[in-house]
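This report refers to the structure that appears directly beneath it.
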């Protein structure tokens with residue numbers, strides 16, 4: 006069961022920020038005039054807005070690490086080790102165990118883990134909510150600040166109006182004083198309206214970003230809830246009790262016993278799985294040894310053919326040697342008393358002796374070569390049999406070992 010990544014919500018945030026920046030660029034002239042009405046307070050408002058944007062985006066992006074840990078834990082069945090658990094998934098990692106085994110959760114432990122994750126998500130959103138309220142407060146602060154300046158300036162203008170009844174242009178002088186005195190109240194109104202506009206607009210934008218971050222966190226929470234619910238074991242029948250539901254919860258001893266039984270069943274399942282894996286590996290080792298023995302049989306068969314061929318050669322050489330020996334005996338009998346002056350007969354006898362010596366040497370070298378080949382093939386057979394026996398013995402010992 007997969008967990009959805011917050012890519013869609015980050016895209017919404019990016020589009021909203023781009024649209025807001027485009028609107029500010031189009032209205033840059035009045036926006037700059039409103040900002041310059043009170044640069045100090047408006048600068049603080051913009052700074053708080055930028056911090057809030059960073060916080061909201063970070064709340065959505067930090068979910069990628071949590072999702073990566075969940076996906077890594079789910080891939081443990083394929084042999085991948087789980088990564089280091091992040092902040093939100095720390096309690097769940099400790100409850101599930103980090104050794105790769107599938108833990109068993111009860112309904113109460115699942116609810117407690119989900120409550121912990123929800124509490125941590127709410128703690129992360131409290132800062133964004135505070136910044137939204139701070140923007141509204143700064144906007145209202147600028148409003149009341151500007152109104153106070155306006156009221157004070159109007160009071161000063163009214164108190165400063167003097168009329169000289171003897172002057173001919175008394176009305177004109179009073180109007181000039183009123184016009185110059187109204188500049189301060191108008192500046193105060195500009196401060197009030199600009200700060201209120203920036204504060205409320207920033208709160209609106211930050212509220213939208215916080216909404217998207219909250220939706221991403223809620224989606225993550227729902228996916229984690231579905232994942233943990235798939236791992237939890239629900240009791241089939243509640244215990245008898247009173248009508249208000251308090252007596253339906255089993256005792257602590259019964260719940261601990263059930264939990265221990267479930268863990269024992271999980272250990273037994275893992276033991277059976279490892280035994281089956283050991284049997285499969287033993288079967289594969291036996292198959293490989295059978296192939297090696299088959300190859301060895303083929304080599305022995307070819308060796309037998311070579312031995313048979315060598316034997317035929319030796320038999321032929323022996324027969325030829327026997328024939329030559331018989332002929333030599335007959336020739337010796339005929340020439341029992343050779344004449345000293347017959348050199349041809351002596352040369353023929355010398356050639357016959359050299360031929361017999363060469364035939365004997367060839368037969369001896371053939372026997373030595375055959376014995377050498379036989380020794381090498383027998384040595385190879387011994388190594389093959391020893392390797393196959395060692396492999397079978399190691400597989401048998403691994404399959405008979407009780408896993409801890």
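Residue numbers (my numbering): 6 to 409. Built from N, CA and C at the ideal position, the CB exists for glycine as well. Please read all numbers here as calculations on a predicted model, not as lab measurements.
Counting along the chain, the unbroken alpha helix (DSSP H) around residue 51 starts and ends at 44-66.
Spanning the alpha carbons of residue 39 and residue 199 requires a straight line of approximately 5 Å. A straight line joining the alpha-carbon of residue 378 with that of residue 316 spans about 13 Å. Ranking 145, 20, 211 and 205 by CA distance to the CA of residue 58 puts 211 first. For a cut-off of 8 Å, the C-beta gap from residue 204 to residue 50 is around 5 Å, short enough to register as a contact. Counting other Cβ atoms within 10 Å of its Cβ, residue 306 stays below 16 and is therefore classed as exposed. Between the alpha carbons of residue 15 and residue 214 lies a distance of about 9 Å.
In this structure the segment 69-80 does not touch the segment 15-26; the number of beta carbon pairs closer than 8 Å is below three. Residue 218 is positioned such that its CB atom lies no closer than 9 Å to that of residue 98.
Straight through space, the alpha carbons of residue 236 and residue 296 are spaced by roughly 44 Å. Burial is judged here by how many other beta carbons sit within 10 angstroms of a residue's own beta carbon; residue 222 has at least 16 and is buried. Inter-residue distance for residue 276 and residue 120 is about 34 Å (C-alpha atoms, whole angstroms). Judged by DSSP secondary structure, residue 18 falls within the alpha helix (DSSP H) whose first and last residues are 12-31. Within its own chain, the residues whose Cβ lies closer than 7 Å to the Cβ of residue 47, once the five positions on either side in sequence are excluded, are 40, 199, 200 and 203, listed in chain order. DSSP places residue 91 outside both helix and strand once states are collapsed to three, so it counts as coil.
Only residues of its own chain outside the window of five on either side were considered, and among them 136, 139, 140, 143 and 207 have a CB closer than 8 Å to the CB of residue 53, listed in chain order. Counting other Cβ atoms within 10 Å of its Cβ, residue 313 stays below 16 and is therefore classed as exposed. Counting the other CB atoms within 10 Å of its CB gives residue 78 a total of 16 or more, which places it among the buried residues.
With a cutoff of 9 Å on beta-carbon distance, residue 9 and residue 272 are scored as not near each other. For residue 9, the secondary structure class from DSSP, reduced to helix, strand or coil, is coil. Buried is the label assigned to residue 147, since at least 16 other Cβ atoms lie within 10 Å of its Cβ. Exclusion of the five residues before and after residue 132 leaves 60 as the residues of its chain whose Cβ lies within less than 6 Å of its Cβ. Of the residues assessed, residue 154 falls on the buried side of the cut-off, its CB having 16 or more other CB atoms within 10 angstroms. Between the beta-carbon of residue 124 and that of residue 234 there is about 19 Å, and that puts the pair past the 8 Å contact cut. For residue 226 against residue 126, the beta-carbon gap comes to about 6 Å, under 8 Å, which counts as contact. Put simply, of 280, 76, 122 and 63 the residue whose alpha carbon is nearest the alpha carbon of residue 92 is 122. Pairing residue 299 with residue 267, the inter-Cα distance amounts to about 48 Å.
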